[in-house]
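See below for the structure under consideration.
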Amino acid sequence: MKINGVAIEDTFAEAFPMKATRILITARNETWAEHAARAMTGFATSVIACGCEAGIERRLRPGETPDGRPGIAVLLFTMSNKELIKQVQNRVGQCVLTAPTSACFAGLDADAGTPIALGKNLRYFGDGHQIAKKLGTRRFWRVPVMDGEFLCEETTYVTKAIGGGNFLILARDQDAALAASERAIAAMQKVPGVIMPFPGGVVRSGSKVGSKYKALPASTNHLYCPTLKGAVASALSDDVGAVLEIVIDGLDEASIDEATRVGIRAACRGRNHGVLRISAGNYGGSLGPFHFKLRKILR
Amino acid sequence: MTRLELTLSAAPAGALDLSPLQPAALAALSLERIRRLKLHHGTRTASVGDLFAVNGEPGGAIALRGITPACFGIGRGMAGGRIEVSGHGGQELGREMSAGEIHLRGSAGDGLALGLRGGLVRVKGNAGARVGGAVPGAVHGMKGGTVIVDGDIGERGGERLRRGLIIVGGDCGPYLADRMVAGTIAVFGAAGNNVGLGMRRGTLLLAHPPEVLPTTFNPCGNFELMFVPVFARHVGEFDRNYARKLAAFATAQRWCGDMAHGGKGEILLPVS
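Protein chains in written order, with this note's numbering: chain D, 830 to 1128; chain V, 43 to 314.
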């Protein structure tokens, strides 16, 4: 199978079940909403060491937010409910509560899953001056802060999700791989329900399970490192000079399918793109229950 | 949607308890069986068929027509369904209702939504005293739900309100939110004197406040409170007109009080 001259390998991305929630952050303007969202989703590239994987899902117009202000939807993914509770509390408390003019709301409906605390515990920052407001079935907390009030919904909801969807862009050099990745990310950012948690959505340090060093659970994916082509049984042909990976976390399989499809098509777009092959990372299919088969998705 | 229509044939001679006429209670009954139901009428009982013309089909909403102020208890303790009332709402309309909707085309007497726990009570006319107040002997007033009165309300609206929302399109009498514990009241007409006395928590939004607020309320300044647009969106689920009117509170003057009772309540006034 080829797209614009790029070979699509007959392989699949292997992904895992995760827990996720969506949180809406609003502020006086887009700039401050983005400051809060960037801070909240910072250092959240991988559950291996960050506790969660998080990212900006999309920007929200004023008409789409509960308070009629510009906003940003962020998605947080963890391996367990318990960790998600901790991550939401810490990240909202340190990054959204602290951001001038911000407010914070649940981005999933109550029927999406189980409730967890959003502002429920953060309200105590109000030191007794906080005000509860129950509007219909939703409960909000108004916490006095130095620029006015921080409005935060009491709970958000956890849903089952999928982490670890991915594809690899094998290109003739670093420039070509980077340009293709940027095209892919720009297209994938328009897909709802997914985030690409790594810096700029792209990861260069693809990993394999295990290491020669006992303390490390993962190490560099040496078979895809172009500088080792002469040293190991490389998976790369001679013409491949750089490989970049795009990792996708999504709320469901359909979202990851769509992100993969538009991402690969965008990566292969244009003339002289320098992209040679598209592949995907897996562990032989024995570890993750979700298999995203590239050729099936692109058919 | 099926509808059961009960039209009062003549003005009742004494107080008429209409609390048995609820959607769930009548849903499975035939028209004939409904006509034979007994209602307390003054010191005696009378059958529904003697007092009302009964038409339509049970199982859906109930329409009560020609109701007079001598009636009371419509929707008392109702846990679901819909009652539409025309004429007058009688006394204690929607008392201790936990779910469902009551829509009144006309005015209500005293004790509207007394001890309401949930659901919606919507009045197109005026209402008397103690809207959303406490039932006799209860510590708290209304504990949930929504009351919307398009006209004026009498004295002591929202007395000891614990939770829920009261919207008043017209004026309100004195002693609004007396000893209010929590919840939200918005008044778009003129508010009477002595609002919020003994108020512990909760929010009053007064479009036209009395000339002087109680001395136990202190000004905090003018603010854009994000609660207001979220609240307006919630109100818009019931009535877009009131939601639009809340735009006047986009920047609000905040008064906290009653300082003699903790000072955690607030009165919000529009800043023009």
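The beta-carbon is built from N, C-alpha and C at its ideal position, and this holds for glycine as well.
Return helix, strand or coil for residue i, following the three-state DSSP convention.
| i | result |
| --- | --- |
| residue 283 (chain V) | helix |
| residue 1123 (chain D) | helix |
| residue 273 (chain V) | helix |
| residue 876 (chain D) | helix |
| residue 891 (chain D) | helix |
| residue 155 (chain V) | coil |
| residue 829 (chain D) | Nothing can be reported for residue 829 (chain D): it is not among the residues displayed for chain D, which extend from 830 to 1128. |
| residue 953 (chain D) | helix |
| residue 1090 (chain D) | helix |
| residue 28 (chain V) | Within the shown structure, residues of chain V are numbered from 43 to 314, placing residue 28 (chain V) beyond reach of any answer. |
| residue 925 (chain D) | helix |
| residue 840 (chain D) | coil |
| residue 963 (chain D) | strand |
| residue 307 (chain V) | strand |
| residue 858 (chain D) | coil |
| residue 930 (chain D) | coil |
| residue 291 (chain V) | helix |
| residue 191 (chain V) | strand |
| residue 87 (chain V) | strand |
| residue 1010 (chain D) | helix |
| residue 1053 (chain D) | helix |
| residue 144 (chain V) | strand |
| residue 92 (chain V) | helix |
| residue 168 (chain V) | coil |
| residue 232 (chain V) | strand |
Counting only the same chain and skipping the five closest in sequence on each side, list residues whose C-beta sits under 6 angstroms from that of residue i.
| i | result |
| --- | --- |
| residue 193 (chain V) | 167, 168 and 212 |
| residue 1018 (chain D) | none |
| residue 156 (chain V) | 134, 137, 175 and 177 |
| residue 225 (chain V) | 203, 205, 206 and 244 |
| residue 120 (chain V) | 64, 139 and 142 |
| residue 934 (chain D) | 853, 895 and 982 |
| residue 879 (chain D) | 872 and 873 |
| residue 147 (chain V) | 128 and 166 |
Just the chain D side, please: which residues come within less than 9 angstroms of residue i by C-beta, in chain order?
| i | result |
| --- | --- |
| residue 164 (chain V) | Going along chain D, no residue has its Cβ under 9 angstroms from residue 164 (chain V), so there is no contact; the nearest lies around 15 angstroms. |
| residue 85 (chain V) | Near residue 85 (chain V) there are no residues of chain D at all, since even the closest Cβ is about 42 angstroms away, more than 9 angstroms. |
Could you name the residues of chain V that residue i contacts, counting a contact when the two beta carbons are closer than 8 angstroms?
| i | result |
| --- | --- |
| residue 978 (chain D) | 265, 267, 268 and 269 |
| residue 897 (chain D) | 271 and 275 |
| residue 969 (chain D) | 269 and 272 |
| residue 965 (chain D) | 276 and 279 |
Answer with buried or exposed for residue i, where buried requires no fewer than 16 other C-beta atoms within 10 angstroms of its C-beta.
| i | result |
| --- | --- |
| residue 250 (chain V) | exposed |
| residue 222 (chain V) | buried |
| residue 271 (chain V) | buried |
| residue 1160 (chain D) | Any question about residue 1160 (chain D) goes unanswered here, given that chain D covers just 830 to 1128. |
| residue 872 (chain D) | exposed |
| residue 1032 (chain D) | buried |
| residue 1115 (chain D) | exposed |
| residue 956 (chain D) | exposed |
| residue 198 (chain V) | buried |
| residue 989 (chain D) | exposed |
| residue 97 (chain V) | exposed |
| residue 44 (chain V) | exposed |
| residue 1043 (chain D) | exposed |
| residue 185 (chain V) | buried |
| residue 287 (chain V) | buried |
| residue 72 (chain V) | exposed |
| residue 261 (chain V) | exposed |
| residue 217 (chain V) | buried |
| residue 229 (chain V) | buried |
Taking 7 angstroms as the limit between beta carbons, can you name the residues of its chain near residue i, skipping five residues before and five after?
| i | result |
| --- | --- |
| residue 74 (chain V) | none |
| residue 952 (chain D) | 959, 970 and 972 |
| residue 929 (chain D) | 861 and 976 |
| residue 995 (chain D) | 842, 1074, 1075, 1076, 1077, 1109 and 1110 |
| residue 1025 (chain D) | 884, 1014, 1017, 1075, 1076 and 1077 |
For residue i, return the contacting residues in chain V, with the cut-off set at a CB-CB distance below 7 angstroms.
| i | result |
| --- | --- |
| residue 932 (chain D) | 268 |
Starting from residue i, find everything on chain D with Cβ-Cβ shorter than 7 angstroms and list it in chain order.
| i | result |
| --- | --- |
| residue 293 (chain V) | The premise fails here: residue 293 (chain V) is roughly 11 angstroms from chain D at the closest Cβ pair, so nothing lies under 7 angstroms. |
| residue 258 (chain V) | In chain order: nothing, as chain D lies at least about 18 angstroms away. |
Name, please, each residue of chain D whose Cβ falls closer than 8 angstroms to the Cβ of residue i.
| i | result |
| --- | --- |
| residue 205 (chain V) | 963 |
Three or more C-beta pairs below 8 angstroms linking the stretch 109-121 of chain V and the stretch 133-144 of chain V: yes
Measuring CB atoms only, is the stretch 288-297 of chain V touching the stretch 260-275 of chain V, in the sense that at least three cross pairs come out at less than 8 angstroms? Flag = yes, the stretch 288-297 of chain V and the stretch 260-275 of chain V touch.
For the 8 angstroms Cβ check, are there 3 or more pairs between the stretch 932-943 of chain D and the stretch 843-853 of chain D? yes
How about the stretch 1062-1077 of chain D and the stretch 1097-1107 of chain D: do they share at least three Cβ pairs that are nearer than 8 angstroms? yes
At least three beta-carbon pairs within less than 8 angstroms, the stretch 99-114 of chain V to the stretch 58-74 of chain V: yes
When you compare the stretch 117-130 of chain V with the stretch 79-87 of chain V, are there three or more beta-carbon pairs, one atom per stretch, that lie closer than 8 angstroms? With the cut-off at 8 angstroms, the stretch 117-130 of chain V and the stretch 79-87 of chain V do not touch.
Would you call the stretch 995-1004 of chain D and the stretch 901-919 of chain D in contact, with 3 or more CB pairs under 8 angstroms? no
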